[in-house]
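Residues 29 to 322 (our numbering) are what the sequence shown spells out, left to right.
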Amino acid sequence: MARVGFIGLGNMGGGMAANLAKKGHDVHAFDLSEEALERARKAGCLPVGSAREAADKAEAVITMLPAGSHVEQVYKESVFGIADTAAVLIDCSTIDVETAVQVADAAAAKGLTAVDAPVSGGIAAANAGTLTFMVGGTQDGFDRAKPFLDDMGKAVIHAGQNGTGQTAKICNNMLLGATMIATCEAFLLAQKQGLDPQKFYDISSVSSGQSWSMTSYCPLPGVGPESPADHDYAGGFASALMLKDLRLAMAAAEASGTDTPMGKRAAEMYEHFAQGAESGLDFSAIIRSLTKTE
Ligand code: NAD
């Protein structure tokens with residue numbers, strides 16, 4: 029088992045660090061929040077006083093932070109010059125592709141190996157150790173990161189060079205945002221036309237309109253397997269986080285000159301929906317804004 033430095037113990041990082049400790053790793057954990065540090069201690073991690081202390085002597089340094097600026101700052105101030113060149117640096121946060129590539133290049137210039145390894149799965153999967161990791165980096169970086177990621181997830185996939193993990197994440201979530209809106213529309217139209225939503229589910233879930241948004245995460249309460257819709261859209265994947273990912277996708281589309289009209293429309297709709305009180309609701313709650321315009 030290895031010494032792991034874990035920085036960022038929030039909704040996602042807390043469960044991930046706990047799973048590493050459960051697997052027997054010696055997890056030196058840091059967060060700016062005292063509460064998060066206390067939760068990590070209860071979960072079997074060793075809370076430390078700074079990100080530098082977490083990175084020191086670690087075989088793997090894992091970050092799970094809000095955005096690219098946090099990752100850039102933590103790497104610059106607390107990882108570079110501290111972490112051993114034998115360590116692998118694994119950033120699991122969802123950040124912009126450009127920053128992911130920049131920090132990996134800066135790491136390489138210092139003789140360090142870094143990979144981007146964003147996740148799909150959400151808080152429940154982080155707690156259960158069933159995340160999917162999409163990894164961008166060299167083959168050597170991937171091989172060194174994989175055993176740690178295996179201890180926190182159910183699937184670890186090498187996407188390609190540095191940055192491609194983030195690309196996979198934002199493309200996946202752009203698709204998810206667009207299919208969720210389309211699924212909401214289809215259910216509402218079916219209902220307006222006098223078709224029972226359960227009947228539409230029974231038919232479409234085994235027909236060509238089927239998607240994860242329909243069969244694993246149905247936006248209508250009482251239809252399909254249990255989903256946030258059955259709990260008044262509490263929990264799940266917050267609309268504000270979907271908006272964050274769609275903004276990252278739109279930035280990447282603009283930077284690469286890619287036309288993504290469906291993604292753009294989804295981003296516009298979540299910009300509108302994920303404001304104020306509703307930003308904390310699950311992203312499938314966007315069905316409410318479609319119902320309102322009826
Ligand atoms: P969060 O806000 O709950 O946690 C982030 C943590 O980072 C906080 O505890 C904060 O105190 C800490 N932090 C911020 N700056 C720090 C610093 N300089 N040093 C140490 N700690 C610092 O966010 P989260 O929901 O855990 O999400 C983390 C990342 O995972 C984000 O990039 C998010 O987009 C991504 N993600 C989230 C979900 C989800 O369902 N929540 C799903 C997939 C991916």
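We put the CB at the ideal spot given by N, CA and C, even for glycine.
TODO: Compare the Cα-Cα distances from F161 to each of V129, I118, A295, Q130 and report the closest residue.
DONE: Numbered from 1 along the sequence shown, position 133 holds the residue referred to as residue 161. When only C-alpha atoms are compared, the closest one is I118.
Per DSSP, the bridge partner or partners of P75:
Within the sequence shown, numbered from 1, the residue matching residue 75 stands at position 47. Beta bridge pairing from DSSP links P75 with A57.
| message | Please return the same chain residues whose Cβ sits closer than 8 Å to the Cβ of S106, not counting the five positions on each side in sequence. | response | Counting from 1 along the sequence shown, the entry for residue 106 is found at position 78. If we look at S106 and ignore the five residues flanking it on each side, its Cβ neighbours are I35, S78, A79, R80, A82, A83.
For ligand 1, is there a heavy atom less than 7 Å away from the beta-carbon of G33? For the purposes of this step, residue 33 is identified with residue 5 of the sequence shown, where counting begins at 1. Not so, every heavy atom of ligand 1 lies at least 7 Å from the Cβ.
- Message: What would DSSP say about I315, mapped onto helix, strand or coil?
- Response: The sequence position of residue 315 within the sequence shown is 287, counting from 1. In this structure, I315 counts as helix in the three-state DSSP scheme.
Original post:
Count the other CB atoms within 10 Å of the CB of T127; is the residue buried (16 or more) or exposed (fewer)?
Top reply: One-based indexing of the sequence shown puts residue 127 at position 99. T127 is buried by the Cβ-count criterion.
- request: Kindly provide the ranges of any alpha helix (DSSP H) runs that are 4 or more residues long and lie completely inside the stretch 99 to 176, ordered along the chain.
  value: The qualifying runs are 125 to 137, 150 to 156.
task = Report, in whole angstroms, the separation of the C-beta atoms of V143 and V116, which I expect to be a contact under 8 Å.
result = Locating residue 143 in the sequence shown gives position 115, where the first residue counts as 1. Locating residue 116 in the sequence shown gives position 88, where the first residue counts as 1. About 7 Å separates the two Cβ atoms, so the contact holds.
| query | Count the other CB atoms within 10 Å of the CB of T192; is the residue buried (16 or more) or exposed (fewer)? | reply | One-based indexing of the sequence shown puts residue 192 at position 164. Result: buried.
Original post:
Apart from the five residues on each side of it in sequence, which residues of its chain come closer than 6 Å, Cβ to Cβ, to I110?
Top reply: Numbered from its first residue, the sequence shown carries residue 110 at position 82. Hits under 6 Å: R80, A83, D84.
**Message:** Between which residues of its own chain and G149 is the CB-CB distance below 7 Å, once the five residues before and five after are set aside?
**Reply:** For the purposes of this step, residue 149 is taken as the residue at position 121 of the sequence shown. Contacts found: T158, L159, T160.
- [ ] May I ask which residues mark the beginning and end of the alpha helix (DSSP H) holding F228?
- [x] Here residue 228 is taken as the residue at index 200 of the sequence shown, counted from 1. Where F228 is concerned, the enclosing alpha helix (DSSP H) stretches over 225 to 232.
**Request:** Identify every run of the alpha helix (DSSP H) within the stretch 273 to 309, keeping only runs that are complete inside it and at least 4 residues long; order them along the chain.
**Result:** 289 to 301
Problem - the stretch 36 to 45 touching the stretch 90 to 100, judged by at least three CB pairs closer than 8 Å - result: yes
So, at 6 Å on beta carbons, what are the nonlocal neighbours of T207 in its own chain, with the 5 sequence-adjacent residues on each side left out?
The sequence position of residue 207 within the sequence shown is 179, counting from 1. Annotation for T207: S239, S241 place their beta carbon closer than 6 Å to its own, counting only its chain and skipping 5 residues before and after.
Own chain partners of G263 with C-beta closer than 6 Å, once the 5 adjacent residues on each side are dropped: The residue given as residue 263 occupies position 235 in the sequence shown. Answer for G263: P256, listed in chain order.
Pairwise C-alpha distance: I209 and L309
Residue 309 sits at position 281 when you count from the first residue of the sequence shown. Residue 209 sits at position 181 when you count from the first residue of the sequence shown. The straight-line gap from Cα to Cα measures roughly 15 Å.
*Taking the alpha carbon of C199 as the point to measure from, which residue in R275, E296, T211 has its own alpha carbon closest?*
The residue labelled residue 199 in the question sits at position 171 within the sequence shown. Comparing Cα positions, the closest option is R275.
Point to revise | From A266, D287, R293, A283, residue whose alpha carbon lies closest to that of Q303 | key: Locating residue 303 in the sequence shown gives position 275, counting from the first residue. When each option's Cα is compared against that of Q303, the closest is A266.
Flag D168 as yes when its Cβ comes closer than 7 Å to any non-hydrogen atom of ligand 1, and as no otherwise. Sequence index remark: in the sequence shown, residue 168 carries index 140 (1-based). Checking every heavy atom of ligand 1 against the Cβ of D168, none is found closer than 7 Å.
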